[in-house]
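S.K.: Next up is a structure, given as structure tokens.
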Amino acid sequence: MTSYLIRNARILGGEPQDIRIADGVIAEIGAGLAADGGQEIQADGLIALPGLVDLHTHLREPGREDAETVLTGTRAAAKGGFTAVHAMANTFPVADTAGVVEQVWRLGRESGYCDVQPIGAVTVGLEGKQLAELGAMADSAAQVRVFSDDGKCVDDAVIMRRALEYVKAFGGVVAQHAQEPRLTEGAQMNEGVVSGELGLRGWPAVAEESIIARDVLLAAHVGSRLHVCHLSTAGSVEIVRWAKGKGWDVTAEVTPHHLLLTDELVRSYDAVYKVNPPLRTQEDVLALREALADGTIDIVATDHAPHPAEDKDCEWAAAAMGMVGLETALSVVQATMVDTGLIGWAEVAERMSAKPAAISGVPGHGRPLAVGEPANVVLYDAGHRAEVDPAAFATRSRNTPYRGMELPGRVVATFLRGEAKVLDGELQ
């Protein structure tokens, strides 16, 4: 294995130091280190972060390889600075058995660009009627610990209670897509002023908030762990803050796009802005940023949702919901959270590496940049500015809402257990 000496990197934005990587671990940190025959990388001005961990990724394989594969998705992840991603269960077939989650896990191992930890479905076929094989998936080679019907809500309270009780046996967590289905039938965008003016059926904030309120109470009742996917409203923030104040074991995530974009963009009728949950108001965006800063929201998760062109280049009502996000996530977090002074780079590392790894229990990730730790390292140029060009993406799909937008930052290098997956911004 090649060893590396990274010169003058700013660990978590601190003072410049050298980092020597050898045998898959961080061997030394200090000033003026000897290369010992390793490849030298000049990192003047670059920020060193631990490898990022995404708790919410759609890799689409098996079944929708026209949108993404495990290989193309993990290449995109590496370019975005991620060393581990969690693959959602809404594939074809659904990842509701040990066999399917093991297939995804093995595809991840074969791809080699980052670690892939499958998420198991809560219910058979994501249909919300019968619990899936949670125990078998937990005992499988994939060692599944996070379960979600993401894309659909586990709206039956009895099923949700049973799932929360079941995962306690092996330290698992249920990740809920909070969307009351009856309140969102035919909904096309956030319910509010813009939906009224455009004549599009609205998606009320209460459809999300009512499920979160129910589920934090259920989790407290059975003494289990609940994770709230892609929280998007100011009201949801208040419910999660209240639950945490009670000492209940609840965590929550926010996507980069909900930290930056608002429902005003829907006026263009460009389906690239159609997403679930929908883009909300500027007031919601600001509440989400504050909640991420103060710890009410624990992590950033991309909800990377690739779609082929034909599923987006159509009229709004017929278009698929979702946006790609792995390759732009760190830039959007810099723009919305760091450059605005809300958090520093140490907090970025916590919310995009340490905490997501802790929620899922994925081994070897989310570790600090310290001697003896696995060499999962990202070098990031925060001073870089460029317009987003989807043609340069590694993901198979191009449905980014940031096309042509100038965003800060660029991932220069990504190391997975000491192996360079990205150098000089290019996949290796």
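Using the UniProt record's numbering, you'd call the opening residue of the sequence shown number 1 and step up by one each time.
Note that CB positions come from ideal geometry on N, CA and C, so glycine has one too.
#1: From G125 to R385, what does the alpha carbon distance come to, in whole angstroms?
#2: Skipping 5 residues on each side, what residues in its chain have a beta carbon closer than 8 Å to that of V104?
#3: Contact check, D23 vs G372 under 8 Å by CB: the rounded distance?
#4: Of the choices A394, T328, G32, A207, whose alpha-carbon is the least far from that of L427?
#5: Just grab the DSSP bridge partners of T2 for me.
#6: Give the DSSP-derived three-state secondary structure of R410 in the structure shown.
#7: Report the rounded CA-to-CA distance for V154 versus V174, giving the unit in angstroms.
#8: Could you check where the alpha helix (DSSP H) with G108 kicks off and where it finishes?
#9: Measuring only the C-alpha atoms, how far is P278 from M189?
#10: If D18 and G32 are in contact, beta carbons under 8 Å, what's the gap, nearest whole angstrom?
#11: In whole angstroms, give me the CA-to-CA distance for K297 and A252.
#12: Do the stretch 233 to 245 and the stretch 203 to 214 meet, that is, are 3 or more Cβ pairs less than 8 Å apart?
#13: Going by Cα to Cα distance, which pick from R280, P374, S331 is closest to P50?
#14: Which residues mark the beginning and the end of the alpha helix (DSSP H) in which A72 is found?
#15: Is the separation between the beta-carbon of T255 and that of H221 shorter than 8 Å?
#16: Which of the three DSSP states is assigned to H221 in this structure?
#17: In terms of alpha-carbon separation, which member of S3, R10, E40, A43 lies closest to V25?
#18: What residue does the beta strand (DSSP E) around V173 start on, and which one ends it?
#19: Look at the alpha carbon of R396 and the alpha carbon of A136, and state the distance between them as a whole number of angstroms.
#20: Beta-carbon separation of T57 and N376 under 8 Å?
#21: Leaving out five residues on either side along the sequence, give the residues of the same chain with a beta carbon under 6 Å from the beta carbon of R20.
#22: Can you give the Cα-Cα distance for L288 and L259, rounded to whole angstroms?
#23: What does the alpha-carbon distance come out to for the pair K152 and T336?
#24: Terminal residues of the continuous alpha helix (DSSP H) containing E165?
#25: Starting from P50, trace the beta strand (DSSP E) both ways and give me its first and last residue.
#26: Shortest alpha-carbon distance to N8 belongs to which of G81, G366, L330, A43?
#27: Secondary structure at F170, three-state DSSP: helix, strand or coil?
#28: May I ask which residues mark the beginning and end of the alpha helix (DSSP H) holding R289?
#29: Using three-state DSSP, classify I239 as helix, strand or coil.
#30: Give the DSSP-derived three-state secondary structure of E197 in the structure shown.
#31: Can you tell me whether DSSP reads Q39 as helix, strand or coil?
#32: What separation, rounded to the nearest whole angstrom, lies between the Cα atoms of P93 and E102?
#33: Please work out which residues of its chain come closer than 7 Å, Cβ to Cβ, to V388, disregarding the five sequence neighbours upstream and downstream, and give them in chain order.
#34: Output needed for A354: all residues of its chain with C-beta closer than 6 Å, excluding positions within five of it in sequence on either side, in chain order.
#35: Examine chain C for any beta-carbon lying closer than 8 Å to the beta-carbon of G80, and answer yes or no.
#36: According to DSSP, D54 sits in a beta bridge with which residue or residues?
M.R.: Let me spell this out:
#1: So the two alpha carbons sit approximately 43 Å from each other.
#2: L59, E61, P62, V70, A87, T91, A95, V116, P118, A142
#3: Actually they are not in contact, since the Cβ atoms of D23 and G372 sit about 11 Å apart, beyond 8 Å.
#4: Measuring from the Cα of L427, the nearest candidate turns out to be A394.
#5: In DSSP, T2 forms no bridge with anything.
#6: DSSP places R410 in strand when its eight states are reduced to three.
#7: 10 Å
#8: 98 to 111
#9: 5 Å
#10: 7 Å
#11: Before going on, a small fix: residue 297 reads as Ile here, not Lys. Cα to Cα, the separation comes out at about 5 Å.
#12: yes
#13: P374
#14: The sequence shown places Thr at residue 72, not Ala. Unbroken alpha helix (DSSP H) run through T72: 70 to 79.
#15: no
#16: helix
#17: S3
#18: 173 to 176
#19: The alpha-carbon atoms of R396 and A136 are separated by roughly 32 Å.
#20: no
#21: Counting only residues of its own chain and dropping the five nearest sequence neighbours on each side, R20 has a CB closer than 6 Å to the CB of L5, A27, E28, L33.
#22: 6 Å
#23: 28 Å
#24: 157 to 167
#25: 47 to 50
#26: A43
#27: helix
#28: Run containing R289: 282 to 294, per the alpha helix (DSSP H) assignment.
#29: Helix at I239.
#30: Here E197 sits in helix by DSSP.
#31: Reduced to three states, the DSSP call for Q39 is strand.
#32: 13 Å
#33: Taken in chain order, the residues that qualify are T328, T400, Y402, R403, G404, M405, L407.
#34: G366
#35: Among the chains of the structure shown, chain C does not appear; only one protein chain is present.
#36: As DSSP reads the structure, D54 sits in a beta bridge with V85.
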